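Working notes for the structure below.
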Amino acid sequence: MAADDAEVLETALRWMGEGRAVRLAVVLATWGSAPRATGSYMAVASDGAFAGSVSGGCVESAVISEARELEDGEAPRVLSFGVEDETAWHVGLPCGGTIRVAVFHPVKALLERVVACHSRRIPTALALDLASGAQSLAEGDEEIGRLPQPSETLFIRQHEAPWTMIITGAVHISQILAGMARQVGFAVTVLDPRTAFAQGERFPGISLLCGEPEEVLAAMTLDRRTALVSVTHVPRLDDAALKMALASPAFYVGALGSTRTHAKRCQRLESAGIATADLERIQAPVGLDIGAKTPAEIAVSILAEVIAARRGKPIRRPGRTPSAG
């Protein structure tokens, strides 16, 4: 589940805790040019406040209106919007996209379990009966595997473990990269053993850990949904982080430094027993070649490369075979 959808559910729970009636809208399917993916959430409070989106702005007003009209105990409302509908211009979909959205009453206890599992990197799947509104939750791959197949009346919304970015080095580039990565759906952790760098006020809203990379990373989960970027400028720290990342199935491993710096880094890591095939996983110099110079530009180039790897796009580097990350 993307970080923005997790935040929508957390907002819905907060509103419920305040005693406000809440409805959830979820994208059931899309065709053509639709800006939001299937499964995208929007929460709507009884006073009209909303969080998230189901179309990037095209049909939100209509969905909010339907959500506020949904009575207690009423079955989900299934809404379709598209260019062929007479409402197309009214809701803002004249460009050819078509979306199908369900508006329903969320079960507070189930949302709490989804959010709790998300924080523990446990996948879940919410089953919603579109005819009755009945809901159930499967936790973990085994339970999810036992769910029935989706149908016209049964929608299954799977919530995978969050995409994670670990940034080694609490430097200027990291301050910018961490915030941007969070905006595009990564759960971000920055680590640095240097107390002068690892200051909370420099990374508001970001998980910041002060400790040696090998110790901090040993206590974390680096899996196929993890990207590690090392930008400490200190060979000892970068090398330690890269060793841990290369021993994991992380989908992206990148390190700051020139081609010459990286060649020396590879020599050190090879001497430490890292196989050549593993060294080739390191994206370095880190970031897409866009001519970046400033810390902000470098952060943009790094994030673009990580997104490309996450989406399975080949990463092309001069003199190297394209890599998918």
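Those letters in the sequence shown? Residues 1 to 325, per the UniProt record's numbering, in order. Ideal placement from N, C-alpha and C gives every residue a C-beta, glycine not left out. Because the structure is a prediction, the values reported are computed rather than measured.
With contacts defined by Cβ atoms closer than 8 Å, Ala-308 and Ile-298 do not form a contacting pair.
A contact between stretches requires three or more CB pairs, one per stretch, nearer than 8 Å, and the segment 139-159 fails this requirement with the segment 278-288.
The beta-bridge partner set that DSSP reports for Ser-136 consists of Ala-127.
Assigned with DSSP and collapsed to three states, His-262 falls in helix. In the DSSP assignment, Ala-255 is bridged to Ser-230.
Under DSSP, Gln-283 shares a beta bridge with Gly-254. A contact between stretches requires three or more CB pairs, one per stretch, nearer than 8 Å, and the segment 122-131 fails this requirement with the segment 167-174. Judged by pairs of C-beta atoms under 8 Å, the segment 63-72 touches the segment 17-28, as three or more such pairs exist.
Counting C-beta pairs closer than 8 Å gives three or more between the segment 238-258 and the segment 223-230, which meets the contact rule. Under a 10 Å Cβ-count criterion, Arg-265 is classified as buried, with 16 or more other Cβ atoms of the shown protein chains found around its own Cβ.
Three or more Cβ pairs closer than 8 Å define a contact, and the segment 206-214 meets that threshold against the segment 172-191.
At a Cβ-Cβ threshold of 8 Å, Lys-243 and Leu-269 count as neighbours.
With 16 or more other Cβ atoms inside 10 Å of its own Cβ, Arg-100 counts as buried. Between Gly-185 and Asp-4, the CB-CB gap stays under 8 Å.
Taking a C-beta distance under 8 Å as the contact criterion, Leu-111 and Ala-127 do not qualify as a contact pair. The continuous stretches of alpha helix (DSSP H) do not include Ile-99, which lies in the beta strand (DSSP E) extending over residues 98-104. If you draw a straight line from the Cα of Thr-232 to the Cα of Asp-238, it is about 6 Å long. In its chain, beyond the 5 residues on either side, Lys-108, Leu-111, Glu-112 and Val-115 have a beta carbon closer than 8 Å to the beta carbon of Leu-13. With respect to the 8 Å criterion, Ser-61 and Arg-36 are not classified as neighbours on the basis of their beta carbons.
Using a 10 angstroms sphere on the CB of Pro-150, the tally of other CB atoms stays under 16, which defines it as exposed. For the pair Arg-121 and Ala-161, the CB atoms are nearer than the 8 Å cut-off. From the listed residues Gly-291, Glu-201 and Leu-9, the smallest Cα separation to Phe-50 is found for Leu-9. Counted as a single uninterrupted DSSP element, the beta strand (DSSP E) harbouring Arg-77 occupies residues 77-82. Taking 8 Å as the upper bound for CB-CB distance, Ala-227 and His-118 are not in contact here, some 18 Å apart. Relative to the Cα of Val-300, the nearest Cα in the group Ala-187, Ile-274 and Ser-174 belongs to Ser-174.
If you check the CB distance, Ala-296 and Ile-144 do not come in under 8 Å. Within 10 angstroms of the beta-carbon of Thr-30 lie 16 or more other beta-carbons, which makes it buried. According to the DSSP assignment, Arg-23 belongs to no alpha helix (DSSP H) but to the beta strand (DSSP E) extending over 22-31.
Taking the CA atoms as reference points, Pro-76 sits about 10 Å from Pro-106.
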